[in-house]
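Shown next, in structure tokens, is the structure this report addresses.
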Amino acid sequence: MSDTEAPKTARLDNKSLNLLVTVLAVGLTLSSAAWALDLYRDVGLQIYTEQYLGVMLTIALPLVYLAVPAGPGRFRQGAVPWYDIAAAIIGAGVAAYTAYWYPELTEAIGRRPLNGLIVGGIMAVLLIEGLRRTVGMILTSVVLLFLILALIGDQLPGEMEGRPIDLEHLIYYLGWDSTSVLGTPMRIVTTIVVAFVFFGRILFVSGGSEFFTDIAMVLMGRYRGGPAKISVFASSLFGSISGSTVSNVVTTGVVTIPLMRRGGYQAHHAGAIEAVASTGGQLMPPVMGASAFLMAEFLQIPYTDVVLAALIPAILYYIALFIQADLEAAKGNMKRIEISEIPAAGPVLKSGWFFPLPFVALVVALFVLNYSPELSALTAAAVVIIATAIFGYKGKKLTLNDLFHALRGTGLGVIDIFMIGGCVGMVIGVLNLSGLGFALTLILVQAASGNLIVLLVLAAVVCIILGMGMPTVGVYVLLATLVAPALVEVGVLPIAAHLFILYFGMMSMITPPVAIGAFAAANLSGADPMRTGFSAMRFGWLAFIIPFMFVASPTLIMHGEWQFIVLDAAGALAAAWLISVGIIGFYSQPLSLIERVAYCIAGFFLIIPLNAFASAGEVNIVGLVLALGLLAMEIRRRKLVASELRKQ
């Protein structure tokens, strides 16, 4: 073969592999949709859920090894080496074997036949390596640590001592028990998560994210701090369904961060505001980056209960961010967006009036028609497809090619979550099999010496550390398994415990040293990543406080008598404003240090729920009196300034 012919052959090989990756990615999305639509049953296939999960892994495992390189890089650019092709073939084989033989081999756990051991062992190895490639070493190390703990658990000292487990038992259990790899996390990932990622992709390719950004510019562009308010508004809308803080930062930040920079925001402030706004999307109902459905599954409660519980804290989170963005603009005397850059409201609404319809369809499907979450997401996606195919946005209608790219993008976009689902399932399996789950709960409780506040602080730190560098679904599932049981054990309301760990898991996105959301935003703004991270912590201050409040009194998560819910929500709203003023150090003019401290104290006293402790009501009254005094001082100051101006 001549030198000129070799590259052609390599290109043909790459084209073939790209075609295979595309087929697998599209097949992964369509297979999930078929399960949600119950098409398997319609064609006469009566299979266990675990067999369906095996089918999905038959597609996902080869997709990981063909699409993601062993070294650096999110997706492969060059040819696939022989060992990855071998891993892809073996992965497809063991997953297909699992799907076919599951009914027989799951009942043979006591005997542990050799074929089941071999398949289970290979599956575990391929999932762990797939996790390392797609997510990195942090979560991979956690999974490996728990596997080691399972094997040596009976030799651990004191309360950490677990049941004796040999390697053979562990491997078979991981591969064939319905509480491990083929457990709840994988089931939710292959159904709900895929459906919502597809919904988000369809919105993106059809112009939905551009529409939300345009609407935000129409509504906020003419006000001070308009660019930052656009970021807050757009990211809260799109972030809820994106399922990834980083994805949200990249999608909306490419527009909002340059706008903020041109408007006068410092680079690290622009990046921080976008990072905090994007992180909040994972906390905003009704979707919460798909964690709402996971939470309902873990707690065995209606999904509507999760949405109601998450509503007030999420609203307060964005109000605090909005206020700080506004005050930062006033403090810096920032200019508004140029009128020429703000799109006209009429054409925007005329072109994209239908984009709110899928959200209406989603809510109706979930709450009125009682559809499953995955079917509701597909219904909403169908509304987008039909509307944009008929009307289009800004003259561009959705085409079959766009739909194809959404299907492909979904399949490639969820492979990391598939690996997370399988490996977190291993951790859950280890905890169930070894008894380490109870031991971890006991250790956390004992470390806090029975003190709830100390336990909450310990849990918050653990959540931030364990959440570093992971997508929303992985963060929540891991923390719900490892940390939430300790909070429930000491009497914390289960829904409050799970929201607590979700909030602090998400705060890992903006908390250095591994603040991936803030670092992604810093990359777009050109700011120092660590400085952006610490600035993001300041803008997102409420998320570090409000979880302690709704654990102390669940009125802030809609549990309790309505009058206390209203009063506590009003107090928290006032506190969000007062503390934000104190943090920024500006109201109508710069504040002294004493004034800033006074605003923060007044806000902290008001954010405490009435039923948090016996004298909480008196503390609220002190905060209210202090706040009214500060407001009176501000009114007097403004009058004096106005009087001086009139004299001039």
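Residue numbers (this note's numbering): 18 to 665.
Heads up, the beta-carbon is just placed ideally off N, CA and C, and yes, glycines get one too.
Going by beta carbon distance, what residues of the same chain come within less than 7 angstroms of residue i, once the five residues before and after it are set aside?
i    : result
V584 : Residue 584 is actually Leu in this sequence, not Val. Correct list, in chain order: L627.
L448 : G454 and T498
G108 : L78, P79, Y82 and L143
T196 : I445, G446 and N449
Using the beta-carbon count (16 or more within 10 Å), is residue i buried or exposed?
i    : result
N387 : exposed
A554 : Correcting the residue identity first, residue 554 is Met in this sequence and not Ala. Buried: at least 16 other Cβ atoms inside 10 Å.
Y282 : buried
K246 : buried
M650 : exposed
A587 : exposed
S368 : buried
V81  : buried
L29  : Caution is warranted here: a pLDDT of 33 is assigned to L29, below 50, making its placement in the model unreliable, and no coordinate value can be reported.
M154 : exposed
Y100 : exposed
F92  : exposed
L41  : buried
G484 : buried
Q341 : buried
P202 : buried
V494 : buried
L648 : exposed
Y240 : exposed
D59  : exposed
Q63  : exposed
D20  : Caution is warranted here: a pLDDT of 40 is assigned to D20, below 50, making its placement in the model unreliable, and the coordinate value is therefore given only provisionally. D20 comes out exposed.
At the level of alpha carbons, what is the spacing between residue i and residue j?
i    : j    : result
A465 : L472 : 5 angstroms
P275 : L74  : 41 angstroms
I652 : A644 : 12 angstroms
L392 : Y320 : 14 angstroms
F521 : F561 : 7 angstroms
Y190 : L36  : 36 angstroms
P373 : A404 : 11 angstroms
V639 : A337 : 22 angstroms
V642 : A619 : 8 angstroms
F567 : P502 : 17 angstroms
G61  : L47  : 18 angstroms
M18  : Y114 : For M18, the predicted structure reports a pLDDT of 37, less than 50, and the residue's modelled location is therefore unreliable. A value from the coordinates is still provided. In a straight line, the C-alpha of M18 is about 40 angstroms away from that of Y114.
E22  : V152 : Annotation note: pLDDT 38 at E22 (below 50); position unreliable, no value reported.
A378 : V401 : 10 angstroms
L164 : M277 : 47 angstroms
P302 : W118 : 40 angstroms
V598 : L316 : 38 angstroms
V72  : L300 : 32 angstroms
G349 : K411 : 36 angstroms
A27  : A96  : Low local confidence applies: a pLDDT of 37 at A27 is under 50, so the model's placement there is unreliable, with the coordinate-based value given in what follows. Cα to Cα, A27 sits roughly 8 angstroms from A96.
Leaving out the 5 sequence neighbours to the left and right, which residues in its chain are closer than 6 angstroms to residue i when beta-carbon positions are compared?
i    : result
A289 : T549, S552, A553 and F556
S570 : P626, N628 and A629
S542 : I274, A284, A287 and G288
G147 : V81 and M436
R180 : S451 and G452
V272 : T230
G442 : S197, V198, G200, P202 and M203
I need the boundaries of the alpha helix (DSSP H) containing residue i, first residue and last residue.
i    : result
F310 : S308 to L316
G200 : From DSSP, G200 is part of no alpha helix (DSSP H); its letter is neither H nor E.
Y493 : T489 to L499
I596 : W579 to I601
H285 : A284 to G297
W118 : W99 to L122
D343 : Y320 to K348
M554 : P546 to F556
V400 : P390 to I407
D183 : Counting along the chain, D183 falls outside any alpha helix (DSSP H), and DSSP gives it neither H nor E.
F215 : V211 to V222
G419 : The question names Gly, but residue 419 is Asp in the sequence shown. Here the alpha helix (DSSP H) through D419 covers L417 to G430.
R279 : T262 to G280
In chain order, what residues of the same chain lie with their CB nearer than 8 angstroms to the CB of residue i, ignoring the 5 residues before and after it?
i    : result
N637 : G588, F622, L623, I625 and L627
K25  : Reliability of the predicted coordinates at K25 is poor, the pLDDT of 41 falling under 50, and the value obtained from them is presented with this limitation in mind. Once the five neighbours on either side are set aside, K25 has no close Cβ partner at all.
L54  : L392 and L395
A672 : Outside the modelled stretch of the chain, which goes from 18 to 665, sits residue 672, for which no answer is possible.
Touch check for the stretch 344-364 and the stretch 537-554: three-plus C-beta pairs under 8 angstroms?
No, because fewer than three Cβ pairs between the stretch 344-364 and the stretch 537-554 fall closer than 8 angstroms, the two stretches do not touch.
Inter-stretch contact at 8 angstroms, needing at least 3 Cβ pairs: the stretch 570-579 / the stretch 319-333
Touching, per the Cβ criterion.
Are three or more beta carbon pairs between the stretch 497-517 and the stretch 530-543 nearer than 8 angstroms?
Two segments are said to touch when three or more pairs of C-beta atoms, one from each, lie closer than 8 angstroms; by this definition the stretch 497-517 does not touch the stretch 530-543.
Would you call the stretch 138-147 and the stretch 411-424 touching, i.e. three or more CB-CB distances under 8 angstroms?
They do not touch, by the three-pair rule.
Quick check: the stretch 426-439 against the stretch 198-216, are at least 3 beta-carbon pairs closer than 8 angstroms?
Segments in contact, yes.
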